[in-house]
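Residue numbers (the UniProt record's numbering): 1 to 184. In this text, a Cβ means the ideal position worked out from N, Cα and C, and glycines have one as well. Read the structure below first, then the notes.
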């Protein structure tokens, strides 16, 4: 993995973008979802320093470092922005917390009143809340090697809504399905 860091790089240098543009490469470029995480000792060290999982997501120093760790270790052709799909409900004003050994927990939205209490997506407070994530993106664009693509991700609306309504992930999505049937 060599190259110069910095924004403004052309797609011609990035193997993943070359393949997406129809070029056959051998070997093909590689990346993995969840490539940063608990299996890396360096991740566990940063996670311990960060304190909470949300602090890890919202601190540009920590999030940048965790995103870069698998690139340094494995030389993947793409970096996956370290964040979580639940930063959006958190930015909208819903209480989001990550419980060790259990996963994410939110205060469930039982109906229209709870939804109406959320901050509107266009409200400037949402953008201010997410500003650290945007800063992380900028830092990564500047620090990644020229041939490494930065990939972001998001939760599908139904997935995020099911967490917001059910208060956590549920295999059958029953709380979200019930609310959709009761109050479409």
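CB contact flag (residue 96, residue 104, <8 Å): Here the question's residue 96 lines up with position 96 in the chain shown. Here the question's residue 104 lines up with position 104 in the chain shown. Yes, they are a contact pair.
Candidates 110, 90, 123, 147, of which the one nearest residue 182 by Cα: In the chain shown, counting from the first residue as 1, residue 182 sits at position 182. Comparing Cα-Cα distances from residue 182 to each of 110, 90, 123, 147, the minimum goes to 110.
Output needed for residue 19: all residues of its chain with C-beta closer than 8 Å, excluding positions within five of it in sequence on either side, in chain order. If you number the chain shown from 1, residue 19 lands on position 19. Contacts found: 25, 28, 29.
Drop a sphere of 10 angstroms on the beta-carbon of residue 14, count the other beta-carbons inside from all chains shown, and report buried for 16 or more, exposed for fewer. Within the chain shown, the letter at position 14 stands for residue 14. Counting Cβ neighbours within 10 Å, residue 14 comes out buried, since at least 16 surround it.
For the stretch 110 to 119 and the stretch 56 to 75, state whether three or more C-beta atom pairs, one from each stretch, are separated by less than 8 Å. no
Buried or exposed: where does residue 154 fall if 16 or more other Cβ atoms within 10 Å of its Cβ makes it buried? Counting from 1 along the chain shown, the entry for residue 154 is found at position 154. Around the CB of residue 154, fewer than 16 other CB atoms lie within 10 Å, so the residue is classed as exposed.
Taking DSSP's pairing of strands, which residues face residue 151 in a bridge? Indexing the chain shown from 1 puts residue 151 at position 151. DSSP lists 80 as partners of residue 151.
According to DSSP, is residue 93 part of a helix, a strand, or is it coil? Locating residue 93 in the chain shown gives position 93, counting from the first residue. Residue 93: coil per DSSP, three-state reduction.
Range of the contiguous alpha helix (DSSP H) that encloses residue 56: Locating residue 56 in the chain shown gives position 56, counting from the first residue. It spans 53 to 58 - the alpha helix (DSSP H) in which residue 56 sits, taken as one unbroken run.
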